[in-house]
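Okay, so here's the structure we're looking at.
In this note's numbering, the protein residues as written are -18 to 329.
Right, dumping it as structure tokens:
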């Protein structure tokens, strides 16, 4: 797989492996699709989304949430640990990546055992899907790193930057998991609106920090597969975050604070923007598309920032062009806080 020469400043050349190349394509495409399915209301069946947005399968075997989550994370942890024991004589970057993956999943296993309070169940099909995803992605990321050992190093070394991001991600993720775990007292089963930490600003800060952790691991690795999987993870957690916000709004209504946005790269306004644009178009059949251009550094430093759809201007000529089926830009929103230009388009 050829990649532009400029990317070789940041990435190892792709190893000559059909398996790694195939897994790169599968990883980013399947996770991106899962993210869009979350936006469409077809959710992975675990946690609060069990039996939400999917046909209920009466005869499907279910595991307790705790056992399901242990299956999610334990095999991936064992893969990471085994790689450290078997390939103990590898270079620094390999050891750092394998250690980061092992620590990431060990933390998740320990949280399942000693931190989180569970009240529901997890579908067997979802358990198998998520377990395979975590296990195969961990093994492939480590294998791709192993194959890169004799390839030319990227001219820009990101591994120390990646270590910093990973540490921020894992600490922030644990902190917000701790907040979630303490929302309910022992024996309570009702969901509550999270408060504290960044929950007062964004709906899923634990997802945001998980993304930071994966970006950190991708920077440690600097392989194409690591960045492909991380990109897919961003899309999936973005979709899951959007779905979570809608779930809270449906459950709690006006009690849910309106100032809480999604903490994702500005997809948080996807639903509200679509509703407003459809209202202007006078049609519920309008398709809504958005392109967001943003500086990742600014995004990371401005977690609390959110888009305000400031105005929608329509003109007679634009409406005429819309009636004729010609797609036209309808809204340009400039968010000065984040230096982000958002172009919103819709087609009749």
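A virtual CB, placed ideally from N, CA and C, is assigned to each residue, including glycine.
Fill in: Identified DSSP bridge partners for residue 104
In the chain shown, counting from the first residue as 1, residue 104 sits at position 123. DSSP, once it has assigned bridges, lists 43 as partnering residue 104.
* To do: Report all residues from its chain with a CB closer than 7 angstroms to the CB of residue 88; omit the five preceding and five following residues, and keep chain order.
  => Locating residue 88 in the chain shown gives position 107, counting from the first residue. These residues qualify, in order along the chain: 151, 155.
Taking the alpha carbon of residue -1 as the point to measure from, which residue in 15, 235, 26, 128 has its own alpha carbon closest?
-> Here residue -1 corresponds to residue number 18 of the chain shown, with the count starting at 1. Looking at the Cα atoms, 128 is the closest of the given residues.
- What's the call for residue 74, buried or exposed, on a 16-neighbour Cβ count within 10 Å? The sequence position of residue 74 within the chain shown is 93, counting from 1. Looking at its Cβ environment, which holds 16 or more other Cβ atoms inside 10 Å, residue 74 is buried.
Give the list of continuous alpha helix (DSSP H) stretches no shorter than 4 residues that lie fully inside the stretch 80 to 137. 105 to 128
Candidates 206, 147, 185, 191, of which the one nearest residue 228 by Cα: On the chain shown, residue 228 is found 247 positions in, with the first residue counted as 1. If we check each option's Cα against that of residue 228, 185 comes out closest.
Subject >> residue 6, buried or exposed, once every other Cβ within 10 Å from all chains shown has been counted against 16 >> reply: The sequence position of residue 6 within the chain shown is 25, counting from 1. Residue 6 should be labelled exposed.
| request: Compare the Cα-Cα distances from residue 9 to each of 235, 217, 230 and report the closest residue. | output: Here residue 9 corresponds to residue number 28 of the chain shown, with the count starting at 1. Of the candidates 235, 217, 230, the one whose C-alpha sits nearest the C-alpha of residue 9 is 217.
**Prompt:** Are the beta-carbon atoms belonging to residue 45 and residue 99 less than 8 angstroms from one another?
**Reply:** For the purposes of this step, residue 45 is identified with residue 64 of the chain shown, where counting begins at 1. For the purposes of this step, residue 99 is identified with residue 118 of the chain shown, where counting begins at 1. Closer than 8 angstroms, so yes.
| task | Taking residue 234 as the reference, give the member of 115, -6, 173 with the closest Cα. | result | For the purposes of this step, residue 234 is identified with residue 253 of the chain shown, where counting begins at 1. Taking only the C-alpha atoms, the option nearest residue 234 is 173.
_For residue 126 and residue 195, I'd like the C-alpha separation in whole angstroms._
As a first step, residue 126 must be located in the chain shown, where it is residue number 145. As a first step, residue 195 must be located in the chain shown, where it is residue number 214. So the two alpha carbons sit approximately 15 angstroms from each other.
With distance defined between alpha-carbon atoms, name the residue in 4, 159, 153 nearest to residue 92. By one-based count along the chain shown, residue 92 stands at place 111. Ranking 4, 159, 153 by Cα distance to residue 92 puts 159 first.
Next item on the list: With a floor of 4 residues, list each alpha helix (DSSP H) that falls wholly inside the stretch 148 to 172, ordered by position along the chain.
Entry: none
_According to DSSP, simplified to helix, strand and coil, what is residue 72?_
Here residue 72 is taken as the residue at index 91 of the chain shown, counted from 1. DSSP places residue 72 in coil when its eight states are reduced to three.
| query | With contact counted as at least three CB pairs below 8 angstroms, one residue from each stretch, are the stretch 10 to 28 and the stretch 54 to 68 in contact? | reply | no
Margin query: Would residue 119 and residue 61 be called neighbours here (beta carbons separated by less than 8 angstroms)?
Written below: For the purposes of this step, residue 119 is taken as residue 138 along the chain shown, with counting starting at 1. For the purposes of this step, residue 61 is taken as residue 80 along the chain shown, with counting starting at 1. Taking 8 angstroms as the Cβ cut-off, residue 119 and residue 61 qualify as a contacting pair.
By DSSP, does residue 283 sit in helix, in strand, or in coil?
As a position in the chain shown, residue 283 is number 302, starting the count at 1. Residue placement at residue 283 is poorly supported in this model, since its pLDDT is 39, which falls under 50; the coordinates still yield a value, given next. Note: residue 283 maps to coil in three-state DSSP.
Contact check, residue -8 vs residue 41 under 8 angstroms by CB: the rounded distance? Taking the first residue of the chain shown as 1, we reach residue -8 at position 11. Taking the first residue of the chain shown as 1, we reach residue 41 at position 60. So it is not a contact: roughly 41 angstroms between Cβ atoms.
**Message:** Quick check: what's the CA-CA separation for residue 1 versus residue 207?
**Reply:** Here residue 1 refers to the residue found at position 20 of the chain shown. Here residue 207 refers to the residue found at position 226 of the chain shown. Taking the straight line joining both Cα atoms gives about 10 angstroms.
Residue span of the alpha helix (DSSP H) that contains residue 27, given as start and end:
Here the question's residue 27 lines up with position 46 in the chain shown. That residue, residue 27, is in no alpha helix (DSSP H); it is neither H nor E in DSSP.
* Asked: If you count every other CB in all the chains shown that lies within 10 Å of the CB of residue 113, and 16 or more means buried, which is it?
  -> What you label residue 113 is simply residue 132 of the chain shown in a count that begins at 1. Burial call: exposed.
Nearest CA to the CA of residue 29: which residue from 231, 147, 115, 241? What you label residue 29 is simply residue 48 of the chain shown in a count that begins at 1. Among 231, 147, 115, 241, the Cα nearest to that of residue 29 is on 231.
Does the separation of the CB atoms of residue 203 and residue 133 fall below 8 angstroms? If you number the chain shown from 1, residue 203 lands on position 222. If you number the chain shown from 1, residue 133 lands on position 152. No, the Cβ-Cβ distance between residue 203 and residue 133 is not below 8 angstroms.
Between residue 121 and residue 190, what straight-line distance do the alpha-carbon atoms span, to the nearest angstrom? The sequence position of residue 121 within the chain shown is 140, counting from 1. The sequence position of residue 190 within the chain shown is 209, counting from 1. Distance between the alpha carbons of residue 121 and residue 190 is about 23 angstroms.
Residue 24 versus residue 48: straight-line alpha-carbon distance, rounded: Mapped onto the chain shown, residue 24 falls at position 43. Mapped onto the chain shown, residue 48 falls at position 67. Whole-angstrom Cα-Cα distance: 20 angstroms.
Quiz item: By DSSP, does residue 214 sit in helix, in strand, or in coil?
Solution: The residue you call residue 214 lines up with position 233 of the chain shown. Three-state result, residue 214: helix.
TODO: Output the distance between the C-alpha atoms of residue 175 and residue 164, rounded to the nearest integer angstrom.
DONE: Position 194 of the chain shown, counting from 1, holds the residue named residue 175. Position 183 of the chain shown, counting from 1, holds the residue named residue 164. The alpha-carbon atoms of residue 175 and residue 164 are separated by roughly 7 angstroms.
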